[in-house]
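Just so you know, the protein sequences line up as chains A and B, in that order. Numbering-wise, the numbering used here comes out as the position in the first sequence, counting from 1, plus 4. Numbering-wise, the numbering used here comes out as the position in the second sequence, counting from 1, plus 4. Beta carbons: idealized from backbone N, C-alpha and C, even for Gly.
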Amino acid sequence: MSAPNWDEFAELALKRVVASGAEYGDIRLLDSTAQTIRGEDRRIDSIRETQDRGFGIRVLYHGAWGFAASSVLSLEEVPRVAELAIEIAKGSASVASEKVKLADEPVHRDRVVTAPRIDPFAVALERKTALLLETMEYVHRQPGIVRSSASLWARQDRKLFVSTEGSRLEFDLLALSGDFDATAVHDGRFASRSFNTPHLRMGYELIENANFLAEAPRIASQAVEKVKAPTTEPGLYDLVLDPEHLSLTMHESCGHPSELDRALGYEANYAGTSFLTTDKRGTFQYGSPHVNLVADNCEPETLAATGYDDDGVACQRWDIVRDGIFIGYCTNREVAPKIGATRSHGSNRADGWGSVPIVRIANIGLEPGVATLDELLADVKRGIYIEGHGSYSIDQRRYNFQFGGDAFWKIENGKRTHMVRDVVYHGITPEFWGSCDGVADRSHRRRYGFITCGKGQPAQSGWMTHAASHARFRNVNVIGGQAGS
Amino acid sequence: MSATGHKTWPKLTNRDEFRFLADLVLKHSTGDHTLVSLHDQQSGTTRFANNQIVQNVDTRRGSLHVTVAFGLRHGTAGTTDFTAGAVQETVARAVQIAHLSPDDPEYLPPVEPQQYMTPPTTRAETVIAGPARRLEYANEAIGQCRMENLEAAGIVSSSVATVGVAASTGLFAHEERTDARYSLTVQAGEATGWGAAAHRSIDHLRVQERTLTAIEKAKRGLEVRELPQGRYTVILEPAAVAGLWSSLLWTLDAKSYEKGTSAFSSKLGQPIVDKRLTLRNLPAHEDLLGIGFTSDGLPTVASDWISEGRLTQLVYDRFTAKRRGIDTIPTLDAPFLSGGGSSLPTLQELIKGTARAILVTNFWYIRTVNPTDLTLTGMTRDGTFLVENGAIVSAVKNFRFHESPLRVFNRIEAFTSPTEAITSETGKLLVPAMTLRDFNFSSVTRF
Chain A
5 MSAPNWDEFA
15 ELALKRVVAS
25 GAEYGDIRLL
35 DSTAQTIRGE
45 DRRIDSIRET
55 QDRGFGIRVL
65 YHGAWGFAAS
75 SVLSLEEVPR
85 VAELAIEIAK
95 GSASVASEKV
105 KLADEPVHRD
115 RVVTAPRIDP
125 FAVALERKTA
135 LLLETMEYVH
145 RQPGIVRSSA
155 SLWARQDRKL
165 FVSTEGSRLE
175 FDLLALSGDF
185 DATAVHDGRF
195 ASRSFNTPHL
205 RMGYELIENA
215 NFLAEAPRIA
225 SQAVEKVKAP
235 TTEPGLYDLV
245 LDPEHLSLTM
255 HESCGHPSEL
265 DRALGYEANY
275 AGTSFLTTDK
285 RGTFQYGSPH
295 VNLVADNCEP
305 ETLAATGYDD
315 DGVACQRWDI
325 VRDGIFIGYC
335 TNREVAPKIG
345 ATRSHGSNRA
355 DGWGSVPIVR
365 IANIGLEPGV
375 ATLDELLADV
385 KRGIYIEGHG
395 SYSIDQRRYN
405 FQFGGDAFWK
415 IENGKRTHMV
425 RDVVYHGITP
435 EFWGSCDGVA
445 DRSHRRRYGF
455 ITCGKGQPAQ
465 SGWMTHAASH
475 ARFRNVNVIG
485 GQAGS
Chain B
5 MSATGHKTWP
15 KLTNRDEFRF
25 LADLVLKHST
35 GDHTLVSLHD
45 QQSGTTRFAN
55 NQIVQNVDTR
65 RGSLHVTVAF
75 GLRHGTAGTT
85 DFTAGAVQET
95 VARAVQIAHL
105 SPDDPEYLPP
115 VEPQQYMTPP
125 TTRAETVIAG
135 PARRLEYANE
145 AIGQCRMENL
155 EAAGIVSSSV
165 ATVGVAASTG
175 LFAHEERTDA
185 RYSLTVQAGE
195 ATGWGAAAHR
205 SIDHLRVQER
215 TLTAIEKAKR
225 GLEVRELPQG
235 RYTVILEPAA
245 VAGLWSSLLW
255 TLDAKSYEKG
265 TSAFSSKLGQ
275 PIVDKRLTLR
285 NLPAHEDLLG
295 IGFTSDGLPT
305 VASDWISEGR
315 LTQLVYDRFT
325 AKRRGIDTIP
335 TLDAPFLSGG
345 GSSLPTLQEL
355 IKGTARAILV
365 TNFWYIRTVN
375 PTDLTLTGMT
385 RDGTFLVENG
395 AIVSAVKNFR
405 FHESPLRVFN
415 RIEAFTSPTE
425 AITSETGKLL
435 VPAMTLRDFN
445 FSSVTRF
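So, in structure tokens, the structure goes:
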């Protein structure tokens with residue numbers, strides 16, 4: 005069977021859109037292949053490889069949106085879906101009182117490709133399953149371990165974006181990740197410790213470099229140490245947070261509130277709004293002067309560095325917070341003009357052909373400081389060092405948050421001493437970031453990605469990478485993991 | 005019946021077509037066992053915010069997954085392309101993966117042919133609802149809010165799907181499922197009010213009633229006071245009760261239970277909540293979203309899960325069920341929580357009978373903090389009020405809570421009869437509104 009001619013589909017769709025009198029339209033055609041291998045308790049539980057093909061057509065008619073999509077890639081279906089998108093847009097327009105106006109963007113014609121050193125889909129399945137099985141075996145060698153899991157995930161997205169403005173963008177992108185964890189029981193309790201590679205646009209070298217087998221004994225041993233560790237007395241502690249932990253803290257307390265559609269109320273019914281209202285831009289003290297948060301969708305290998313977003317806007321780098329002051333938002337072509345911006349920051353993304361693009365968090369990272377990790381620790385008398393992700397929850401305007409972690413160590417008189425458990429800290433976002441008094445230097449910088457960032461109705465999963473070096477926060481309220489007992 | 009109601013909709017894969025596709029798969033599979041799964045859906049959502057339509061979408065997505073096994077080795081491949089060539093390629097890929105897989109000691113062949121009941125999974129009015137109907141409801145909500153000088157944000161969605169499972173054992177199941185949803189957040193300055201519904205029938209969303217409720221909550225929120233963190237008597241509306249119960253239900257898996265990594269370990273048969281509470285699964289209930297069969301092709305069943313406060317059931321995978329000698333695996337697709345003894349007729353009656361409490365419309369961002377005792381955290385959202393002497397006296401700033409459903413549902417003061425409940429983080433349940441004492445609000449937020 006010959007491959008479908010995507011350009012032919014695009015031309016067919018956009019001709020109809022133009023003929024309808026719509027002021028703008030685009031089509032995205034995608035062919036995604038995902039492979040997931042999951043292991044559990046020393047066995048391979050599932051190997052799945054799925055191919056997800058389809059197209060979505062977006063129409064802006066008299067200032068109102070319509071979108072229709074289908075997994076049926078045929079010359080009959082494309083016109084039907086185009087007409088449906090037009091019909092829906094006309095329906096939206098019939099009740100619109102405020103017209104959408106898109107920020108200008110140059111026409112782009114380009115091709116963006118992830119160039120892996122090792123194609124993950126070319127690596128033999130036996131090699132991957134053997135790695136996961138061996139990793140779990142290593143985990144179970146540690147006395148006290150009762151459960152384990154391990155997984156590998158890879159996705160390839162081949163995409164064509166064509167707009168009525170003349171942009172034509174081709175993509176051939178990869179993303180990859182791997183992880184494993186160990187669960188220990190002790191005295192009626194259980195606790196897990198996990199190891200995660202970042203999600204990055206790399207090849208299988210990401211997994212090879214992660215060296216699961218070397219890490220497995222450490223993770224297993226720390227799971228046992230964690231479940232046996234003493235609990236934590238609630239109180240005020242200085243916290244030193246590792247880059248993986250910070251990736252989630254930044255994501256929830258900086259990333260989401262910096263999405264302009266949230267600040268404008270678009271997500272009021274689901275993901276929520278934002279305390280970073282538009283009047284605060286340029287003046288609001290978001291954090292201490294140590295806090296510089298930069299959106300960088302140009303950094304190679306990161307998830308949001310796709311060359312262009314799903315508006316066809318070129319990826320960019322910009323400040324979110326500079327010297328502690330809130331500066332900028334993540335925007336798309338629709339919302340950028342609402343704050344007087346002449347160009348979108350290029351943060352409009354859909355999670356597949358069947359979803360309409362919405363504003364998404366960029367690759368927001370904490371800029372490195374000048375300290376070493378040892379220097380950050382040395383100045384802490386009573387504190388906790390936190391690695392990885394744990395329980396997390398935040399209110400719908402992103403003020404009141406609570407974070408746990410994956411592993412915790414007591415810091416006493418400048419030294420990491422022993423593990424503790426049941427650490428949950430709570431704060432109000434600008435007060436928390438205001439308590440940051442040190443960030444480690446670039447040599448400590450690590451990147452972690454998310455592929456399950458929930459937003460939108462119907463719900464979509466966003467992808468982005470957050471980089472940071474270790475950072476220190478003073479007098480944070482640790483409430484303990486059994487706060488309700 | 006196939007989903008051909010709306011003039012622009014394509015025909016979804018009907019029973020005969022699925023049988024044809026399944027036969028094609030089975031014919032080309034060389035595996036000892038083969039399982040085919042279909043999910044073919046047409047869905048649309050009209051989304052609004054700031055009294056404007058901001059998103060209006062319609063998507064048709066069909067997918068077919070094939071699992072092939074050789075002995076204990078198995079692999080799965082999926083496709084969204086239903087052409088014969090693509091289906092054959094998918095089978096070939098599943099065969100290839102299975103050949104390369106290691107033995108899975110927990111693999112079980114597909115189940116034999118089953119008898120299914122036919123729960124009311126589809127409603128014709130939802131099948132034929134299209135963008136125009138969704139827009140009509142969205143406009144109704146926006147119009148009501150505009151009249152009150154308030155801002156509406158929400159969604160109206162409707163979908164129809166055909167779902168099928170077939171296997172080399174002769175197993176065959178196919179059904180049509182509809183789903184309609186409405187949710188609305190009304191903003192009155194800083195204050196918000198909320199309401200939501202989900203039903204098989206788009207005619208049962210009660211859009212006007214829920215819009216007026218959300219408007220009333222938002223208007224009541226205009227005067228807000230801040231109360232300190234601490235333990236309070238709470239009146240949880242059904243959505244808030246559903247949020248806590250959903251977290252409990254998600255952690256009932258039998259394998260974790262057996263390994264000692266469950267909050268319920270050693271609690272099977274033991275009291276875990278107030279003895280007046282009984283949780284059942286009722287797939288045939290008209291107001292729940294029950295289904296006829298699971299993804300394994302097993303029939304859903306009416307079953308007891310918590311009986312007069314005692315945990316009587318766990319969520320079993322087929323392997324663990326077989327090891328435990330369980331022939332009929334209970335399902336939890338349509339949870340129905342009820343209170344025995346005397347229940348009050350309405351939420352208003354609960355409020356009337358309360359001297360002082362916090363009334364909670366909904367919880368948000370519920371997450372597990374301590375899996376050993378199932379301590380959860382989350383925020384109140386979109387309507388949190390102080391009740392004094394049987395009446396709402398003001399709105400209060402939202403609280404964060406830290407509580408375990410295993411503790412708090414042993415502190416029940418009063419409850420209503422079960423009511424429909426759905427949130428953005430839960431499936432649909434029927435649960436009572438409840439008054440609970442000593443609920444731990446651990447901090448307060450800024451609004």
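Residue i vs residue j beta-carbon contact at 8 Å
i                  : j                  : result
Asp-314 of chain A : Phe-165 of chain A : yes
Leu-76 of chain B  : Asp-108 of chain B : yes
Asp-49 of chain A  : Arg-57 of chain A  : no
Gly-48 of chain B  : Phe-74 of chain B  : no
Ser-473 of chain A : Pro-110 of chain A : no
Ile-362 of chain A : Tyr-403 of chain A : no
Tyr-389 of chain A : Trp-357 of chain A : no
Thr-381 of chain B : Val-373 of chain B : yes
Leu-252 of chain A : Tyr-396 of chain A : yes
Ala-532 of chain A : Gly-70 of chain A  : Residue coverage of chain A in this structure runs from 5 to 489, which leaves residue 532 of chain A outside it and unanswerable.
Ala-14 of chain A  : Ala-157 of chain B : no
Ser-292 of chain A : Cys-440 of chain A : yes
8 Å Cβ cutoff, residue i in contact with chain B
i                  : result
His-470 of chain A : no
Gln-406 of chain A : yes
Gly-286 of chain A : no
Thr-187 of chain A : yes
Ser-167 of chain A : no
Ser-395 of chain A : yes
Gly-58 of chain A  : yes
Arg-47 of chain A  : yes
Gly-442 of chain A : no
Asn-352 of chain A : no
Own chain partners of residue i with C-beta closer than 7 Å, once the 5 adjacent residues on each side are dropped
i                  : result
Gly-343 of chain B : Arg-280, Leu-281, Phe-419 and Pro-436
Gly-193 of chain B : Leu-226
Glu-87 of chain A  : Arg-20
Pro-238 of chain A : Val-482, Ile-483 and Gly-484
Thr-384 of chain B : Val-364, Phe-367, Asn-402 and Phe-403
Cβ of residue i within 8 Å of any chain A Cβ
i                  : result
Tyr-261 of chain B : no
Met-151 of chain B : no
Gly-247 of chain B : no
Val-29 of chain B  : no
Ser-6 of chain B   : Note on Ser-6 of chain B: pLDDT 36, under 50, position unreliable in the model; no value is reported.
Identified DSSP bridge partners for residue i
i                  : result
Ile-48 of chain A  : A:Gly-43
Gly-70 of chain A  : A:Val-63
Asp-62 of chain B  : A:Ala-72 and B:Gly-48
His-430 of chain A : A:Gln-406 and A:Asn-481
Leu-177 of chain A : A:Asp-161
Glu-241 of chain B : According to DSSP, Glu-241 of chain B bridges with nothing at all.
Val-22 of chain A  : Partner(s): none; Val-22 of chain A has no beta bridge.
Lys-459 of chain A : A:Gln-464
Close-in-space but distant-in-sequence residues of the same chain around residue i (CB under 6 Å, 5 per side omitted)
i                  : result
Ile-463 of chain B : Here chain B covers residues 5 to 451 and nothing more, so residue 463 of chain B does not appear.
Asp-308 of chain B : Arg-284 and Thr-316
Ser-398 of chain B : Glu-227, Arg-229 and Leu-390
CB-CB length for residue i against residue j, believed under 8 Å
i                  : j                  : result
Ser-205 of chain B : Arg-127 of chain B : 4 Å
Cys-319 of chain A : Gly-311 of chain A : 6 Å
Met-423 of chain A : Ala-233 of chain A : 4 Å
Ser-167 of chain A : Asp-30 of chain A  : 4 Å
Other residues of its chain near residue i: CB distance less than 8 Å, five sequence neighbours each side excluded
i                  : result
Gln-461 of chain A : Asn-273 and Tyr-274
Asp-323 of chain A : Asn-296, Leu-297, Val-298, Ala-299, Ile-331 and Gly-332
Check: Using Cβ-Cβ distances below 8 Å, what residues of the stretch 403-429 of chain A are close to chain D?
Finding: No chain D is part of this structure, whose protein chains are labelled A and B.
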